[in-house]
Each structure stands twice: as structure tokens, then as C-alpha cells.
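For reference, the structure is listed below as C-alpha cells.
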Amino acid sequence: MATTKTRPQGIGWISPFLTVKDVERAVEFYVKAFKFKSAGIIKDDKGVASHAGVKYKNALIMMGPGPNKPPTELGGTTFNLYIYVKNVDAFFKKAKKAGAKVIAEPADQHWGDRVAQLEDPEGHCWWFATHLGKPETTTTTEPVQQGQ
Numbered sequence: 002m003a004t005t006k007t008r009p010q011g012i013g014w015i016s017p018f019l020t021v022k023d024v025e026r027a028v029e030f031y032v033k034a035f036k037f038k039s040a041g042i043i044k045d046d047k048g049v050a051s052h053a054g055v056k057y058k059n060a061l062i063m064m065g066p067g068p069n070k071p072p073t074e075l076g077g078t079t080f081n082l083y084i085y086v087k088n089v090d091a092f093f094k095k096a097k098k099a100g101a102k103v104i105a106e107p108a109d110q111h112w113g114d115r116v117a118q119l120e121d122p123e124g125h126c127w128w129f130a131t132h133l134g135k136p137e138t139t140t141t142t143e144p145v146q147q148g149q
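Position in the sequence shown (from 1) plus 1 gives the number in my numbering.
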């Protein structure tokens, strides 16, 4: 086996993979509603989109049609994405206008974030947040260190 780098350049150590029915439609929605950047769409030899990615800041979110079923076919999801944005209220308004389904309007949370919950057309749940400050209560005395 040839030796290569552990991961491709520009891709983080953890990248969520979303199961979607329509790859191109999903990318179009994420670019329009969430202002993500397309990282490209890979098509198979028949010209059908089989894999894609979108980027937000330094994170890559991958997607494709399988092997699992999307939440719309399962009747729900147990996996959520939590993403920080500069202004959750402004972000929420734009995403809602672009077709995101509202699960919860922006609201201050006891852990120190203002959070909105949205659902995409594939049924994936997205939490968008803006950090407001220290949480009302804390259960740890050690701060989480970046990169650990």
C-alpha cells in the first residue's frame, strides 16, 4: 500500500457526513439558506451527483445519497449540528426566508449562547448560535482547551 497523508489538505480531523436524497439540491439549499460555500460536487460515470461538500469557516460538511436513509425517510434524526454564527438573529431571518423550517426561534440559553434551531429540506436539524457570555451555571472547573 502506498503511503499518503492521513487526510487531504484543508480537511479537518472530523467532518460530519449527511445522508441526502438529492445532493445538488442540498448543496444549493445550504449555499442559499445558510450562506455556506460549495466545496464541490463529485459525479459518477453516469453524471449523477454522488458526493459533495459545503464549507463554513474552516469546517467541511460532506454529504451523499447513502448508505443510510435521510431523516425525512426515517421520521426524524438523532444527530444535530451546532454552528456558531456572528449574529444568530440576522442569520435566522435570512435562513427562514430562504426556506429553512423553523424548529425554535432564537432564544437565550442558560449555557451562555443565543440559539435558533432550523431544519433543512432533507430533515437534518441545525442549531445556530451566538455566544453571549458565561453560562448561568457551570459543572466544570476546567476550561475546554482549543484543539484537545
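Backbone N, C-alpha and C define an ideal beta-carbon position, used for all residues, glycine too. Remember, it's a predicted structure, so these values are computed and weren't measured experimentally.
Query, Result
"Cβ-Cβ distance between P107 and V116 below 9 Å", "yes"
"Rounded distance between the beta-carbons of G113 and G134, thought under 8 Å", "5 Å"
"Where A99 sits in the DSSP three-state scheme", "coil"
"Whole-Å CB distance - V89 paired with K97, under 8 Å assumed", "That belief does not hold up - the Cβ atoms of V89 and K97 are roughly 12 Å apart, past 8 Å."
"Separation of W14 from G148, as counted between CA atoms", "Unreliable positioning characterises G148 in this predicted model, as indicated by a pLDDT of 49, which lies under 50. The coordinate reading is nonetheless provided below. Taking the straight line from one Cα to the other gives about 10 Å."
"9 Å Cβ cutoff, P136 in contact with chain D", "This model lacks chain D altogether; it includes just one protein chain."
"Nearest residue (CA-CA) to K70, options H132, T7, W128, D23", "D23"
"N-terminal and C-terminal residue of the beta strand (DSSP E) that V24 is part of", "No beta strand (DSSP E) holds V24; the alpha helix (DSSP H) holding it covers 24 to 35."
"Own chain partners of S51 with C-beta closer than 8 Å, once the 5 adjacent residues on each side are dropped", "V24, I43, K44, D45, G65, P66"
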